[in-house]
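Remarks on the structure that follows.
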Amino acid sequence: MMGQEFFVLSFPPLVIGIFASIACALPGNFLILRKQALIGDALSHVVLPGIVVAFVITGAITTWPMMLGALSAAFLAIALIQAVQRIGRIEQGAAMGVVFTTMFALGVLLLEMTDTSKVHLDVEHALYGSLESLIWIDSYGWQSLLSIEDLSYMPVELWRMVGVCSVIVIFVVLFWRPLTLISFDEGFARTQGMRTNVMSTLLIGLSALAAIAAFDAVGSIIVIAMFICPPATARLMTNSLERQVWLSLVIASVSTVIGYYLAAYGPLVVGFEESLSAAGMIATVSGVFLALAALFGSHRKSNS
Amino acid sequence: MSKGLHVVQGKDQRPSSLTIRGLTVSYGADPAVFSVDLDVYPDTMTAIIGPNGAGKSTMLKAAMGIIPRLSGQIQVLSRPLEEQRSAIAYVPQRASIDWDFPATVQDVVMMGLYPKLGLLGRINANHKAQVTSALDRVGMLDFAKRQIGQLSGGQQQRVFLARALVQDAQVYLLDEPFAGVDAATEKAIITVLHDLRSTGKTVVVVHHDLATVIDYFDQVILINKSIIAAGPTQDVFTTENLQLAYGGRLAATQLDVVGL
């Protein structure tokens, strides 16, 4: 059952996919409650120009310069969104729409002008990532999980994703109460002396980190879906914040597993030769879950 | 600004529980609140009244640091506001909150204890008892496990008051607590506020219903961008002052209702 093939081909993409989904869904819970769901969308788009610029400067796809490039792009985008909002006196959603589409378009243009033929960096990769290509060549089955030498051949994206996900989990556990307060009643939080601006910047900063780490491995389509779909689905199924967050993590993980296998084997079952994009399928599954919850969820809308 | 009749509060010799000096707030070019000086004392219940757009809520929010102020010093119990956060309980306007937030009544009241609990402090039986007792005081104990979105406007307002009660503060600031609530809620809230006053607390309420000012409040602050008058109700709540604050927008019939 869980043979060598599973560990070589499926284990890394599944684990990376699950950690990426959780890293996005966790802050996504607070973003949707703060009516900032679009931030996730914006962040995952603006990452592209940052990564391309980092590539142009360093001439190689290396982790840290790209992370830095993406992070600077994310913060530039947040500053631009606030500037557009203030100067143009328009609402946040519109400001985000203007900024992130422009920056993404800029990223695509930069990409076309840059010679990236030797490296794995193109628009398709940016959208869908390369989940299926993340394999664990040197695995000999589950025993390899216990071998430090074998583990060292695990795709580096996995460790990066696990690291980022851990940072986000620790952040949410530690700052659960401030996060709840700034999401529910920011004014009250301020009267208690809480630095609400610092808190919301941290939340957006960590969302950016999740978007960047996930972007590289799984592409922006999963990132966008995971910021919004699992938390929104969970919100329709419970009226408790704690349960909502737990549920969103379960939904994110389940969407990833189902999406991955549907993409890999679904087309074969219906007679097609080639498999589909795992990232696209995972995003689709999470969307289907949201649609089901919207139709049948037990806590769809209160009477306020 | 308008030639305000300042009623100077020189009689009270006690230290004030809330002191505002030179508070100015501006959204654009024009100030929304201009150069406000105020002293509010313990055992009092003060109404902040004035026409729409006069800066009543803005003044309160700026004083509490919810919105930025252009200038002004705020002291609470003779010390800077920043050192006295725990002495302040603020109840925002009900409409400023998204009541679809996934929380129950007791969750919201528990938030009043978050500052004391800190980041990871454990919620113990004593904390739960405080929440229960606060809910009981506002008559909402039966609704403890109810989702907040399923409450009526008046019930939501009482939950907010319960959250302020668990804070066990010295100064209670409420922004339009009677807006859109039922008569039973209004009565329940006023009873609790009068209780607070009689135990030496300071209560300040942004109020919009002139008809109840004399019944409910012993102090009045009349504001229209800047202070028109402030002091004991019988001195400040006069036809002349109201006409000054409302710029002649009050008809004689309205003043009848008010009891003047």
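Residue numbers (my numbering), protein chains in the order written: chain G, 718 to 1021; chain R, 164 to 423. Built from N, CA and C at the ideal position, the CB exists for glycine as well. Being a predicted model, the structure only gives us computed values, none of them experimental.
Check	Outcome
Ile939 (chain G) and Ala931 (chain G) closer than 8 angstroms at C-beta	yes
Cut-off 7 angstroms between Cβ atoms - residues of its own chain near Val301 (chain R), not counting five sequence neighbours on either side	Arg321, Leu324, Ala325, Ala351, Val355
Within chain R, partners of Gln721 (chain G) - CB distance below 9 angstroms	The contacting residues do not exist; Gln721 (chain G) stays about 44 angstroms from chain R at best.
Neighbourhood of Glu903 (chain G) by C-beta, 7 angstroms cutoff - its chain only, sequence neighbours within 5 removed	Thr913
Assigned secondary structure, Thr438 (chain R) (DSSP; H/G/I helix, E/B strand, else coil)	Because chain R here runs from 164 to 423, residue 438 (chain R) falls outside it and cannot be looked at.
Lys364 (chain R): contacting residues in chain G (beta-carbon distance under 8 angstroms)	Here the premise fails: no neighbours, minimum Cβ distance about 16 angstroms.
Phe380 (chain R) (DSSP reduced to helix, strand or coil)	coil
Endpoints, the beta strand (DSSP E) within which Thr432 (chain R) is located	In the structure displayed, chain R extends from 164 to 423; residue 432 (chain R) sits before or after that span and is not available.
8 angstroms Cβ cutoff met for Gly757 (chain G) and Ser924 (chain G)	yes
Secondary structure of Asp202 (chain R), DSSP reduced to three states	strand
Backbone secondary structure at Ser1015 (chain G) - three-state DSSP	coil
Touching by the beta-carbon criterion (3+ pairs, under 8 angstroms), the stretch 766-783 of chain G and the stretch 964-976 of chain G	no
Chain R contact for Thr819 (chain G) (CB, 8 angstroms cutoff)	no
Cα-Cα separation, Val188 (chain R) to Lys308 (chain R)	40 angstroms
Separation of Ala754 (chain G) from Ile854 (chain G), as counted between CA atoms	38 angstroms
Near the ligand NAD: Val986 (chain G) beta-carbon under 7 angstroms from a heavy atom	Although the ligand NAD was asked about, the structure shown includes no ligands whatsoever.
Cβ shell of Val196 (chain R) (< 7 angstroms), same chain only, five flanking positions each side left out	Leu186, Thr187, Val188, Gly218, Thr221, Met222, Ala225, Lys388
Delimiting residues of the beta strand (DSSP E) encompassing Pro366 (chain R)	It should be pointed out that residue 366 (chain R) corresponds to Val in this sequence rather than to Pro. Element bounds for Val366 (chain R): 365-369.
Chain G contact for Gly228 (chain R) (CB, 8 angstroms cutoff)	yes
Classification of Ile804 (chain G) by the beta-carbon crowding that lies within 10 angstroms, buried from 16 upward	exposed
Ile854 (chain G) in three-state terms, based on DSSP	coil
is_contact[Gly810 (chain G), chain B] using C-beta, thresh 8 angstroms	Considering every chain present, this structure includes no chain B. Its protein chains are G and R.
Chain R residues whose Cβ lies nearer than 9 angstroms to that of Gly1014 (chain G)	Within 9 angstroms Cβ-Cβ: nothing; Gly1014 (chain G) doesn't reach chain R, min ~12 angstroms.
Within 8 angstroms of chain R by C-beta, residues of the stretch 762-780 of chain G in sequence order	none
Pairwise C-alpha distance: Val732 (chain G) and Thr182 (chain R)	58 angstroms
Candidates G:Val825, G:Lys752, G:Ala996, G:Arg907, of which the one nearest Ala252 (chain R) by Cα	G:Arg907
Within 8 angstroms, strictly: CB atoms of Leu385 (chain R) and Gly213 (chain R)	yes
Cβ-Cβ separation, Val764 (chain G) to Ala796 (chain G) (assumed contact under 8 angstroms), whole Å	Their Cβ separation, rounded to whole angstroms, is 15 angstroms, which puts Ala796 (chain G) and Val764 (chain G) out of contact at 8 angstroms.
Cut-off 7 angstroms between Cβ atoms - residues of its own chain near Phe736 (chain G), not counting five sequence neighbours on either side	Met878, Val879, Cys882
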